[in-house]
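**Student:**
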Amino acid sequence: MISVLAPLALATSTGALLMVPLAPALRELMHKRDAGPLITRKDDGRISSFASSLRTRCIPLQALLDQCAQQGESQFVDSPFGQVLLVGKSGVWTAPQHTTTPVVCAGCVELPPEYHSIGDFYSRGNVRGGTRSIFRALLSDDEILLDDETQILRWIHAESALHVGRNCRLYGRASSAKSLTLSSGCSFERVYAPVIYSSKEAATLSVREEYAAYARLAQSGLGRTRIRGAMHIPDQHRGDVVATGSVDVEEGASVFGSVKANGEVILKGRAEVHGSVVSTKRVHISSGCFVKGPIIAEREVIIASGVQIGLPGTPTTVSAPAIHLAPGAVLHGTVWAQVEGRVGD
Amino acid sequence: MLLELFTAVVVLICIYTIRHYCFTVNRLIGQQRHPYVDVDTADWPPVTVLIAAHNEEAVVADILSALLEVDYPADKLAIVPVNDRSIDGTREIIDSYVVRYPGRITPFHRSGGKPGKAAALKDAMAYVNTEIMLVFDADYVPGKALIRQLVAPFFDPEVGSVMGRVVPLNVGKKLLTRILDLERSGGYQVDQQARMNLHFVPQYGGTVAGIRKSALDEIGGWNENTLAEDTDLTYRMLLAGWKTVYENRAECYEEVPERWPVRVRQIMRWAKGHNQAMVGYSAALLRSRNVSWWERLDGLLLLGVYMMAPVLLLGWLLAIVLFYLGAPVGGSIAVLGLAAFTTLGNFAAFFEIAAAARLDGSRARIQLLPLTFLGFTVSAICVSRAAWQQFAASIRGQEMVWHKTERSRVAPVVLEKSA
């Protein structure tokens, strides 16, 4: 009898021991604690989605805000997203210097220097910030003027113009539905506007419009030239260009197509690319150049003064880990620096 | 002789083990490449979306509804369902959408011709009037931003094709779907993205994918004589100097097989098609001047990936035989065991799956990892059987038959709404 039980006991205990590593797997299989499909990207990708979300959250507060505006008062109210400071009085800020709750303003506000807002800040009118202010998130239905050395921690959006003073730091998203002016020393990550100026003076530059003939030429399927090694484009080139090395577009030259280099792309003075510019390394765009399509670099993009990227009505994207803008450049669309973008002095 | 053969098997298995380790380490601590993901503003080009549909009445309405809601200029988006000789209600469902959304959908009802997805797509080219075209299988459910994400890489004139990430939708249904969820995760999140990071050869997957028409024309169009038009196209693009880009953040839901026989047929078709590409393109890849040395090495290893299953089984057999013959195999058996354990399967090795689950932020599903051995064992046997059938068919001069993957969906998909 013992001789039969012993091997059985051995087999059972060995089997049980082997099952130990499978126990968590079997438990998960039965209880299905993590059996849903992987959640894919929820963000619709639009830069102003946070602004839209904040505006939507504030809709239930509008009636109370109107009351505050009529009485010229400020008051804290409870809302579904916590306590909110409603500011009815327009003009010079009289509320606390530092606010930790969300703030909703009925009209224009002029904030003092070194104002700190740790909660979201929303104004239906213009916002004029003081120097060295800090905002977590700032939204205006009109214009925003940020004074020097202001920091935006998450996002900022203006329905009208957005002016950013010297040495400001824009972490996260910065966008305007009309125009965005950056001043020297500013750093940024992702910015968008129909037109972006890298200095006040850039707004006075003449901006080229679409030339229909050029547009047709660039889109007419002119084929692709693939070069082993480096390539120089001395004058006019029709069609896409792909090089296993670097690509130099000489001064005054034009490419009616896109340019890709598995090295650097250098556009010398007044060169034009009526397509995209892509580099696995660095893109250097010299003064007076024009690029119609997206600029994508895996290391760095350098844009000199007098450069125009994109066209009014045909915005585009500049994307790289590091983006350096000289004052005096005009860009239409998105500028997205994965590590840091900076406006030079 | 047997000992030398065994040594060769162990070396091969070790090479693939090292490859998988490199990919995993790259994904965990290496520099990640997503050069096109931030292109969100552009003069978007016109695009044609081809939906391959063969008896897809269970799923085709979902993809049409999803495509009609995507965030892409409607005047630049042509939706072409390719109804390939369906005998169920696919045609009626497509036509009902055509009536409900006039001008948005251009159906192609194919009633004859050679079977197979590549043959259907080849015939559908008459409906493609744009430079960029995207291809989806009918069981996919694209998100709102997906079209833009897949089109963005085509601003790079070197890019000939683009591949997005496939995410299983019916994860919780069965043990098989849970295993496939983990396999897909490892295959895309780690394997494909690592090859993108390292400038190797990301694979065009045939669905959730984009193609530049001029590149396709240059390489001679769709090859209807293959069981895996995706692998075939990947290598023809590569040899012609076009890049394939993998977009890990261009995610799209798909339905994975819920029954083992369906899975067996699917993986056997993949294996046969892949092996066809291996025979057809290995020599050309070695000779090509359009590829870098790294692309050449990775491309060759990728071509051989489905041959590793029969090689592995051969290794096990040899190990047993040599052991009983008293051959001095020594530590080779241990090496083979370890390497076999970590490389068995369809791209997604165990440590790749573990890393992928971590990268995806998955919580409890990683506990199922020991059970993936079941899926890998089935895969190893099926892939080996497919290789044998293929070998036998080539000797007999038989033509291979394309098998469609059956769908299990019975109700429309309801996904969590975007924020």
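Heads up: the sequence lines are chains A and B, in that order.
Numbering-wise (our numbering), the first sequence opens with residue 1 and increments by one.
Numbering-wise (our numbering), the second sequence opens with residue 1 and increments by one.
We put the beta carbon where it would ideally sit given N, CA and C, even for glycine.
#1: From this set, A:A329, A:V307, A:G293 and A:I302, which residue's C-alpha is nearest A42 of chain B's C-alpha?
#2: Can you tell me whether S52 of chain A is buried or exposed? The criterion is at least 16 other CB atoms within 10 Å of its CB, across all chains shown.
#3: My output table needs one value for E416 of chain B: the three-state DSSP class, helix, strand or coil.
#4: Locate the beta strand (DSSP E) running through C105 of chain A, then write down its first and last residues.
#5: Using CA atoms only, rank isn't needed, just tell me which of B:R33, B:G172 and B:A386 is closest to E258 of chain B.
#6: Determine which residues share a DSSP beta bridge with I451 of chain B and list them.
#7: What's the C-alpha gap between K89 of chain A and P113 of chain A?
#8: Do the stretch 283 to 291 of chain A and the stretch 305 to 316 of chain A touch if we need at least three Cβ pairs shorter than 8 Å?
#9: When the Cα atoms are used, what is the spatial distance from S384 of chain B to T334 of chain A?
#10: With a CB to CB cut of under 6 Å and the five nearest residues on each side skipped, what residues in its chain are close to T12 of chain A?
#11: Can you find the residues in the same chain that come closer than 7 Å, C-beta to C-beta, to D88 of chain B, ignoring five residues on each side of it along the sequence?
#12: Measure from the C-beta of S384 of chain B to each C-beta in chain A and report whether the shortest distance is under 8 Å.
#13: Taking only beta carbons into account, state which residues of the stretch 247 to 276 of chain B come closer than 7 Å to chain A, listed in chain order.
#14: Under the assumption that A240 of chain B contacts T24 of chain B (Cβ atoms under 8 Å), give the Cβ distance between them as a whole number of angstroms.
#15: What do you reckon, are the CB atoms on Y171 of chain A and L153 of chain A nearer than 8 Å?
#16: Measuring only the C-alpha atoms, how far is S418 of chain B from D84 of chain B?
#17: Quick check on DSSP: helix, strand or coil for C252 of chain B?
#18: Checking 8 Å against the spacing of the C-beta atoms, do A138 of chain B and I51 of chain B come in under that value?
#19: Cβ of D191 of chain B less than 8 Å from any chain A Cβ?
#20: Assuming D123 of chain B contacts R104 of chain B (C-beta within less than 8 Å), just tell me the rounded distance between them.
#21: Residues of chain B with CB under 9 Å from A253 of chain A, in chain order?
#22: In the DSSP assignment, find the unbroken alpha helix (DSSP H) run with K117 of chain B in it and report its ends.
#23: When the distance is taken between beta carbons, is P153 of chain B closer than 8 Å to V245 of chain B?
#24: I need the straight-line Cα distance from A25 of chain A to L368 of chain B, nearest angstrom please.
#25: Does P80 of chain A have its Cβ less than 8 Å from a Cβ in chain B?
#26: Along the alpha helix (DSSP H) that carries M1 of chain B, what are the first and last residues, could you check?
#27: Using C-beta distances below 6 Å, list every residue in its chain close to S184 of chain A, excluding the 5 sequence neighbours before and after it, in chain order.
#28: With DSSP as the reference, identify every bridge partner of D137 of chain B, one or two as the case may be.
#29: I156 of chain A by DSSP, collapsed to three states: which one?
#30: Do you know whose CA, among B:C252, B:K76, B:Y235 and B:E251, lies nearest L303 of chain B's CA?
#31: Please check if any C-beta of chain B sits within less than 8 Å of the C-beta of F256 of chain A.
#32: Check whether the Cβ atoms of D45 of chain B and L64 of chain B sit closer than 8 Å, and answer yes or no.
#33: Relative to the C-alpha of A228 of chain B, which residue among B:Q189, B:N197, B:Q276 and B:T90 is closest?
#34: Go ahead and label M278 of chain B buried or exposed: buried means 16 or more other beta carbons lie within 10 angstroms of its beta carbon, across all protein chains shown.
#35: Would you verify that the beta carbon of R363 of chain B is, or is not, closer than 8 Å to some beta carbon of chain A?
#36: Between which two residues does the beta strand (DSSP E) harbouring G185 of chain A extend?
**Tutor:** Considering the structure as presented:
#1: A:G293
#2: exposed
#3: In this prediction, E416 of chain B has a pLDDT of 46, which is less than 50 and means its spatial position is unreliable; what the coordinates show is noted afterwards. Note: E416 of chain B maps to coil in three-state DSSP.
#4: V103 to C105
#5: B:G172
#6: As displayed, chain B neither begins before 1 nor continues past 419, which places residue 451 of chain B out of reach and without an answer.
#7: 19 Å
#8: yes
#9: 51 Å
#10: none
#11: N55 and E57
#12: no
#13: R249, E251 and Y253
#14: Not really, about 31 Å apart at Cβ, beyond 8 Å.
#15: yes
#16: Only weak support is given to the placement of S418 of chain B: the predicted model assigns it a pLDDT of 37, under 50, and the value that follows is read from those uncertain coordinates. Distance between the alpha carbons of S418 of chain B and D84 of chain B: 32 Å.
#17: strand
#18: yes
#19: no
#20: Their Cβ separation, rounded to whole angstroms, is 22 Å, which puts D123 of chain B and R104 of chain B out of contact at 8 Å.
#21: In chain order: nothing, as chain B lies at least about 17 Å away.
#22: K117 to A124
#23: yes
#24: 4 Å
#25: no
#26: M1 of chain B -> no alpha helix (DSSP H), and no H or E assigned at all.
#27: R166, P327, V343 and D345
#28: B:A52
#29: strand
#30: B:Y235
#31: no
#32: Before going further, note that residue 45 of chain B is Pro rather than Asp in the sequence given. Cβ distance not < 8 Å, so P45 of chain B and L64 of chain B don't count as in contact.
#33: B:Q276
#34: buried
#35: yes
#36: Element bounds for G185 of chain A: n/a, residue is neither H nor E.
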